[in-house]
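K.L.:
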Amino acid sequence: MRGICIFKSKLAFLLLCVWMLLGAASAAKIHGNPANDLVALINGKRAASKLPALRNSAGLGCMALQYISECMAMAAACSSDNTVACQPPEAHITEVYAANCGVELPTVDVISGRLVGCHRERAGPEDALQALLASAAGNTTNATEILGKEHTQVGAGFDRAHRRGPFFWCLLFSSGSANSTFLLEAGGKGIRQTHGCFSAPDRTSCNAAPRLAGAAAALPLLLLLLFSS
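Here you go:
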């Protein structure tokens, strides 16, 4: 009888652990690729203003993801009014982020605009655009960045540090040739990014779920300890 009670206790504890892991993952699950949704939203607004659509650049998108990764590493990067208190050096964009993404060096070109923002509660593209434009409030040039006539392509990055942390977004624009700039190495794959997501026509999912890899990997060990004692 006592053995049955111990078994039930272990089983209940195990089920609780699994429930917590699955609950944490579902709480922050991101459907689709929000970075692609943001690019589509921007191109829709450009079409409404009779401006040409911007090419969805995977190279720029990956670099935008690198941008917010640097911001998230800073303390208090997202303020209480959903604006980003982060401005990495201009040189980092082309000298650091491009290399981290595997952008072919000869194809790195002009960055004609950038917007970065955050939102503490929502992850939708409309909320992202509002946060991005709010970050540019008071600067007319930046506030109308998405309608810049000089832009030819755009890349968007999206990430969340943890399941209760703020959402971060970044847009990078370029006026370079849409067919020959910011090209990724390895047949367009570049260097794999371990977290977050960036815009690209062939990327339909987002790797911005909570970082539970360590906990998931520990589950078999937990099982072993429970049932061997």
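Numbering (mature numbering (1 follows the signal peptide of the UniProt record, and there is no 0)), first residue to last: -27 to -1, 1 to 202.
Here a beta-carbon is modelled for each residue, glycine too, at the ideal position from N, C-alpha and C.
Three-state secondary structure (DSSP) at His135?
P.N.:
Here His135 sits in coil by DSSP.
K.L.:
Hey, would you say Val76 sits closer than 9 Å to Leu144, going by beta carbons?
P.N.:
Not in contact: Val76 and Leu144 (Cβ atoms no closer than 9 Å).
K.L.:
Taking Ser178 as part of the beta strand (DSSP E), name the residues at either end of that continuous run.
P.N.:
Ser178 -> no beta strand (DSSP E), and no H or E assigned at all.
K.L.:
Let me make sure I understand the geometry here. Which of Lys122, Lys162, His168 has the alpha-carbon closest to that of Ser147?
P.N.:
Nearest of Lys122, Lys162, His168 to Ser147, Cα basis: Lys122.
K.L.:
Can you check whether the CB of Ile41 is closer than 9 Å to the CB of Ile119?
P.N.:
No; because the gap between Cβ atoms is not below 9 Å, this pair is not in contact.
K.L.:
At what residue ranges does the segment 70 to 101 contain a whole run of the alpha helix (DSSP H), taking only runs of 4 or more?
P.N.:
Taking only runs of at least 4 residues, the alpha helix (DSSP H) segments lying wholly in the segment 70 to 101 are 71 to 74.
K.L.:
For a test of the three-state rule: what should DSSP assign to Leu157, helix, strand or coil?
P.N.:
In this structure, Leu157 counts as strand in the three-state DSSP scheme.
K.L.:
Should Thr125 go down as buried or exposed, given a rule of 16 or more other Cβ atoms within 10 Å for buried?
P.N.:
When all chains shown are included, Thr125 counts as buried.
K.L.:
Can you name, in chain order, every residue of its own chain whose Cβ lies under 7 Å from the Cβ of Met47, other than the five neighbours on each side?
P.N.:
Excluding sequence neighbours, Met47 sits near Cys59.
K.L.:
Spatial neighbours of Leu24 within its chain, please: CB distance less than 8 Å, with the 5 preceding and 5 following residues excluded, ordered by chain position.
P.N.:
Closer than 8 Å at the Cβ level, and outside the excluded window around Leu24, lie Leu120, Lys122.
K.L.:
Under the three-state reduction of DSSP, which class applies to Ser150: helix, strand or coil?
P.N.:
Reduced to three states, the DSSP call for Ser150 is coil.
K.L.:
Taking only three categories from DSSP, how would you classify Thr167?
P.N.:
DSSP places Thr167 in coil when its eight states are reduced to three.
K.L.:
Whose CA, out of Asn180, Val81, Pro62, lies closest to the CA of Gly153?
P.N.:
In the sequence under discussion, the amino acid at residue 153 is Ser, which differs from the Gly named in the question. Per the Cα distances, Val81.
K.L.:
Report the option in Phe131, Leu106, Thr177, Phe155 whose CA atom is closest to the CA atom of residue 210.
P.N.:
Here the chain has residues from -27 to 202 only, and residue 210 is not among them.
K.L.:
Excluding sequence positions up to five away, which residues of its chain have a Cβ less than 6 Å from the Cβ of Ala101?
P.N.:
Excluding residues within five positions, the ones whose Cβ falls inside 6 Å are Leu11, Trp142.
K.L.:
Run through the DSSP bridge pairs and tell me what Gly128 is partnered with.
P.N.:
DSSP, once it has assigned bridges, lists Leu145 as partnering Gly128.
K.L.:
Measure the alpha-carbon distance for Cys170 versus Asp132 and round it to whole angstroms.
P.N.:
About 6 Å.
K.L.:
Please state whether the Cβ-Cβ distance between Gly32 and Cys91 is less than 9 Å.
P.N.:
Not a contact, by the Cβ cut-off of 9 Å.
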